[in-house]
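**Student:** Next up is a structure, given as structure tokens.
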């Protein structure tokens with residue numbers, strides 16, 4: 012399992028677990044909060060992502076289970092990075108479309124295109140590993156996450 | 591065109607800004623091509639740039655949300671493949687099959 016990046020995120024307070032959200036917009040805005048708290052992005056970054064989705068469609072929902080909130084508002088990013096939020100109740104952005112949903116929100120932000128790409132690749136490593144993704148989907152609390160990262164299998 | 595193992599194909603991956611999903615798609619596409627023995631140069635671009643650039647490529651792949659934006663390029667005869675899941679190797683494989691089966 013690819014736990015190194017998760018461990019790093021945990022140690023830097025960039026992991027969160029939430030129960031549910033009323034709207035997908037709330038979920039997206041919540042997903043970047045750890046980075047806002049650490050002053051890596053401005054609070055406006057979340058709004059910029061929503062604006063970007065208005066323009067381009069729901070491109071951030073990459074595939075079943077996975078949403079990757081991101082946009083090219085480089086000016087709202089002070090420090091490149093990423094954070095991960097697990098939502099226990101799947102978020103369905105399109106009414107009546109059960110095929111588009113996510114429980115894992117990998118939010119990324121780059122100060123420029125190159126840094127953005129680095130963050131994408133960090134996540135690709137986790138996403139490529141089915142075992143890790145499965146394990147993340149089973150997590151229901153921060154305790155579970157801690158157990159996953161440090162408990163070791 | 592049916593698959594020609596001697597040819598180096600040019601594929602383009604597009605998304606909103608050429609930054610996020612296109613990078614992931616490009617990465618997966620390179621892996622799939624490598625497994626299938628397809629020589630390919632895979633580039634990324636924003637959907638906006640893609641409209642102009644797509645005709646220079648053998649095929650363009652994107653998340654289905656961007657197919658509309660690329661429609662103008664498709665009208666010029668270039669092949670656009672919209673994916674439900676940009677990081678799913680099976681779906682990429684299926685679309686490659688379509689590409690090699692057509693024309």
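Protein chains in written order, with my numbering: chain A, 12 to 164; chain B, 591 to 693.
For each residue, glycine too, the CB sits at the ideal point set by N, CA and C.
Just verifying my parser: in three-state terms, what is the DSSP assignment at residue 100 (chain A)?
**Tutor:** Translated into the one-based positions of the first chain, residue 100 (chain A) becomes position 89. Residue 100 (chain A) falls in the strand class under three-state DSSP.
**Student:** State the CB to CB distance for the pair residue 92 (chain A) and residue 120 (chain A), rounded to an integer number of angstroms; the pair is presumed to be in contact (CB under 8 Å).
**Tutor:** On the first chain, position 81 is the one that residue 92 (chain A) refers to. On the first chain, position 109 is the one that residue 120 (chain A) refers to. Between residue 120 (chain A) and residue 92 (chain A) the Cβ distance is about 6 Å, and since that is below 8 Å, they are a contact.
**Student:** Please state whether DSSP places residue 690 (chain B) in a helix, a strand or coil.
**Tutor:** By 1-based counting over the second chain, the position of residue 690 (chain B) is 100. Of the three classes helix, strand and coil, the one that applies to residue 690 (chain B) here is helix, per DSSP.
**Student:** Do you know whose CA, among A:94, A:152 and A:32, lies nearest residue 112 (chain A)'s CA?
**Tutor:** Within the first chain, numbered from 1, the residue matching residue 112 (chain A) stands at position 101. Cα-wise, what sits closest to residue 112 (chain A) is A:32.
**Student:** Could you check whether the region 56–75 of chain A touches the region 593–604 of chain B, counting it as contact only if at least three pairs of C-beta atoms, one from each stretch, sit closer than 8 Å?
**Tutor:** In short, these stretches do not touch, since the Cβ pair count stays below three.
**Student:** Under DSSP, the beta strand (DSSP E) around residue 134 (chain A) begins and ends at which residues?
**Tutor:** Taking the first chain and counting its residues from 1, one reaches residue 134 (chain A) at position 123. From DSSP, residue 134 (chain A) is part of no beta strand (DSSP E) but of the alpha helix (DSSP H) over 124–138.
**Student:** With DSSP as the reference, label residue 164 (chain A) as helix, strand or coil.
**Tutor:** One-based indexing of the first chain puts residue 164 (chain A) at position 153. The pLDDT assigned to residue 164 (chain A) is 48, lower than 50, so where the model puts this residue is not dependable; a value taken from the coordinates is nonetheless given after this. It is coil, neither helix nor strand.
**Student:** Out of curiosity, what's the CA-to-CA distance linking residue 160 (chain A) and residue 18 (chain A)?
**Tutor:** The residue given as residue 160 (chain A) occupies position 149 in the first chain. The residue given as residue 18 (chain A) occupies position 7 in the first chain. Computed Cα separation, rounded: 6 Å.
**Student:** Which residue from A:81, A:74, A:83 and A:67 puts its Cα closest to that of residue 655 (chain B)?
**Tutor:** In the second chain, residue 655 (chain B) corresponds to position 65, counting from 1. Measuring from the Cα of residue 655 (chain B), the nearest candidate turns out to be A:67.
**Student:** Quick check on this structure: which residue in B:676, B:690, B:592 and B:617 has the alpha carbon closest to the alpha carbon of residue 70 (chain A)?
**Tutor:** By 1-based counting over the first chain, the position of residue 70 (chain A) is 59. Of the listed residues, the one whose Cα sits closest to residue 70 (chain A) is B:676.
**Student:** Could you compute how far the alpha carbon of residue 108 (chain A) sits from the alpha carbon of residue 632 (chain B)?
**Tutor:** Walking along the first chain from the start, residue 108 (chain A) turns up at place 97. Walking along the second chain from the start, residue 632 (chain B) turns up at place 42. About 32 Å.
**Student:** Residues in the region 592–614 of chain B with C-beta within 9 Å of chain A's C-beta atoms, listed in sequence order?
**Tutor:** Here the close residues are 605, 606, 607, 608, 609, 610, 611, 613 and 614.
**Student:** According to DSSP, is residue 601 (chain B) part of a helix, a strand, or is it coil?
**Tutor:** By 1-based counting over the second chain, the position of residue 601 (chain B) is 11. Here residue 601 (chain B) sits in strand by DSSP.
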